[in-house]
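**Student:**
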Amino acid sequence: TGRDASGPIRIPVLDRYNDRGTIAMGKVESGTIKPGMKVMLMPTRNICKVDGIWDAEIPLKSAKPGENILVKLNGMGLEDVQKGFVICSKDKPCRAVNKVICQIALMDMPENTKIFTAGFTSIFHAHTSEEECTVTKIFETTNAKRVVNKKAVFASVGMQVICMLELERSVPLETFDEFPFLGRFTLRTEGKTIAIGKVLKLPPKKED
Numbered sequence: 001t002g003r004d005a006s007g008p009i010r011i012p013v014l015d016r017y018n019d020r021g022t023i024a025m026g027k028v029e030s031g032t033i034k035p036g037m038k039v040m041l042m043p044t045r046n047i048c049k050v051d052g053i054w055d056a057e058i059p060l061k062s063a064k065p066g067e068n069i070l071v072k073l074n075g076m077g078l079e080d081v082q083k084g085f086v087i088c089s090k091d092k093p094c095r096a097v098n099k100v101i102c103q104i105a106l107m108d109m110p111e112n113t114k115i116f117t118a119g120f121t122s123i124f125h126a127h128t129s130e131e132e133c134t135v136t137k138i139f140e141t142t143n144a145k146r147v148v149n150k151k152a153v154f155a156s157v158g159m160q161v162i163c164m165l166e167l168e169r170s171v172p173l174e175t176f177d178e179f180p181f182l183g184r185f186t187l188r189t190e191g192k193t194i195a196i197g198k199v200l201k202l203p204p205k206k207e208d
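Position 78 (the sequence shown) corresponds to 78 in our numbering; numbering is contiguous.
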């Protein structure tokens, strides 16, 4: 799956502004969006109608993966649409979670912290979203010589790490296997990228 025009709609919101209604800016990553459709905003689960879509100034009848568009969302105020939200198919929204199990490649560390361990905090950047996160558990590490340590409690630069991250607030995400563009992320702190990662697992779905 991934950038599939017939797949569920996924449009991470890059920005929004008011022009006789709330207009969201974003790139279609999956699905085909058309005026008149009802869509769901994640993580708030608000449902709204698409009043129009444009490429710059040009009205479109539909937009497919890879297109950067403006979407007018009927009935949504500016405060209802935030950078990092994802416009989704109403019947097949993405998940919004505050914990993920992920695999990361540790590339760098902040000046005063040389080890990566439970309690380490950084900023989680996925698609258009930025959120504070904390490492809550390390499951295993793999060093440069491909030696796997399943009892690891810390990691250092150059290692691959499977760990759990807890996010300050829910972020709309998918696993990397299902939707790579919503399952890729970087960890940044003190102005530098310290890790690149992919989401392996999301928490079990709560029954609504």
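Just so it is clear, CB atoms sit at the ideal spot from N, CA and C, and this is done for glycine as well.
Just to confirm the assignment: which complete alpha helix (DSSP H) runs, minimum length 4, are found wholly within the region 83–148?
**Tutor:** As far as the region 83–148 is concerned, it has no whole alpha helix (DSSP H) run of at least 4 residues.
**Student:** What does the Cβ neighbour count give for proline 110, buried or exposed, with the cut at 16 atoms within 10 Å?
**Tutor:** Proline 110 is exposed by the Cβ-count criterion.
**Student:** Am I right that alanine 105 and isoleucine 196 are in contact with their C-beta atoms under 8 Å? What's the rounded C-beta distance?
**Tutor:** Right, their Cβ atoms sit about 5 Å apart.
**Student:** Counting along the chain, where does the beta strand (DSSP E) carrying phenylalanine 210 start and finish?
**Tutor:** Beyond the ends of the chain as shown, which are 1 and 208, falls residue 210; an answer cannot be given.
**Student:** At what residues does the beta strand (DSSP E) containing leucine 41 begin and finish?
**Tutor:** That run of the beta strand (DSSP E) goes 38–42.
**Student:** Would you please state the rounded distance, in angstroms, between the beta carbons of isoleucine 69 and isoleucine 53? I believe it to be under 8 Å.
**Tutor:** Contact holds; Cβ gap of about 5 Å.
**Student:** Under the three-state reduction of DSSP, which class applies to aspartate 4: helix, strand or coil?
**Tutor:** DSSP places aspartate 4 in coil when its eight states are reduced to three.
**Student:** Quick check: the Cα distance between methionine 25 and lysine 72, rounded to an integer number of angstroms?
**Tutor:** Answer to the nearest angstrom: the Cα atoms are 9 Å apart.
**Student:** Between the Cα of alanine 96 and the Cα atoms of Arg188, Pro65, Phe120 and Ser170, which residue gives the shortest distance?
**Tutor:** Ranking Arg188, Pro65, Phe120 and Ser170 by Cα distance to alanine 96 puts Ser170 first.
**Student:** Identify the continuous beta strand (DSSP E) that holds lysine 201 and give its terminal residues.
**Tutor:** It spans 192–201 - the beta strand (DSSP E) in which lysine 201 sits, taken as one unbroken run.
**Student:** Please report the Cβ distance between arginine 45 and serine 122, rounded to the nearest whole angstrom; I am assuming they are in contact, meaning their Cβ atoms lie under 8 Å.
**Tutor:** With 8 Å as the limit, arginine 45 and serine 122 do not qualify as a contact, their Cβ atoms being about 28 Å apart.
**Student:** Enumerate in chain order the residues of its own chain whose CB-to-CB distance from threonine 113 is below 8 Å, with the five nearest sequence positions on each side excluded.
**Tutor:** Answer for threonine 113: Phe120, listed in chain order.
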